[in-house]
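Letter by letter, the sequence shown follows residues 11 to 169 of our numbering. Notes follow once the structure below has been shown.
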Amino acid sequence: MEKLTRNLGKILALTFACLVCFFSSPAMADGLCIHEGPVSIQDGSFNVETVSDLPMDITIRSAIVTLPPGETGTIDTILITRPYNQDGCPETILDGESVCIEFGCSWIEVENGTDLIPACGGPAVLKAAETTYHANGSHFGPQGTFDGFSVDLCDEFAW
């Protein structure tokens, strides 16, 4: 019995060592981020739609706003969609197309450094697919017209 316990301990130690070696690579340590922007703010507002192929499933755990110092505004709506394909996501008709809404949020006051994920109620789980990111905003100032508004969508929590 003692020999069995010793062998089991060795197996567990070897398993733990393998897990540490294989799952601590730099690729896993560096989080994935998708940079959306920069977007030009004109007369205090913006409207943007970006389509890109998401190569793998990702959970967005932080969405950090970048604005010039002193600028604030309102994100009126954010909507992240993908084509509807009967995989359990409810079908929504948007602009005449069948889509799956993966994330949505509205009326968020922002400034430089605002994390939209907690403000919008939690992480966005995005499936690998052609993904469309819609956003519009208003009441940006005090300048009202500037470049440099962007959002970094990351799979790690912002601390």
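Every residue gets a Cβ at the ideal spot worked out from N, C-alpha and C, and that includes glycine.
Asked	Found
Sub-8 angstroms separation of Ala-134 and Arg-92 beta-carbons	no
Opening and closing residue of the alpha helix (DSSP H) in which Ala-129 lies	126–130
Beta strand (DSSP E) runs wholly inside the stretch 37–66, at least 3 long, in chain order	43–51, 56–64
8 angstroms Cβ cutoff met for Phe-150 and Pro-48	no
Validate contact between the stretch 51–67 and the stretch 107–120 using beta carbons, cut 8 angstroms, 3 pairs	no
Inter-stretch contact (C-beta, 8 angstroms, three-pair minimum) for the stretch 75–85 and the stretch 111–130	yes
Residue from Glu-166, Pro-100, Asn-146, His-45 with nearest C-alpha to Cys-115	Asn-146
Residue environment, Gly-132, which counts as buried when at least 16 other CB atoms sit within 10 Å	exposed
DSSP state of Gly-151 mapped onto helix, strand, coil	strand
Residues near Ala-129 in its chain [Cβ-Cβ closer than 7 angstroms; skip 5 each side]	Ile-118
Exposure label - Gly-19; buried when at least 16 CB within 10 Å	Because the pLDDT of Gly-19 is 37, which lies under 50, any placement of that residue in the model is unreliable, and the question is left without a value.
For Leu-89, three-class secondary structure by DSSP	strand
Buried versus exposed, by CB contacts within 10 Å (16 or more), Ser-62	exposed
Exposed unless 16 or more other CB atoms sit within 10 angstroms - verdict on Ile-56	Per the sequence presented here, residue 56 reads as Phe, with Ile not at that position. Per the 10 Å Cβ criterion, buried.
Beta-ladder partner(s) of Asn-146, from DSSP	Asn-57, Thr-87
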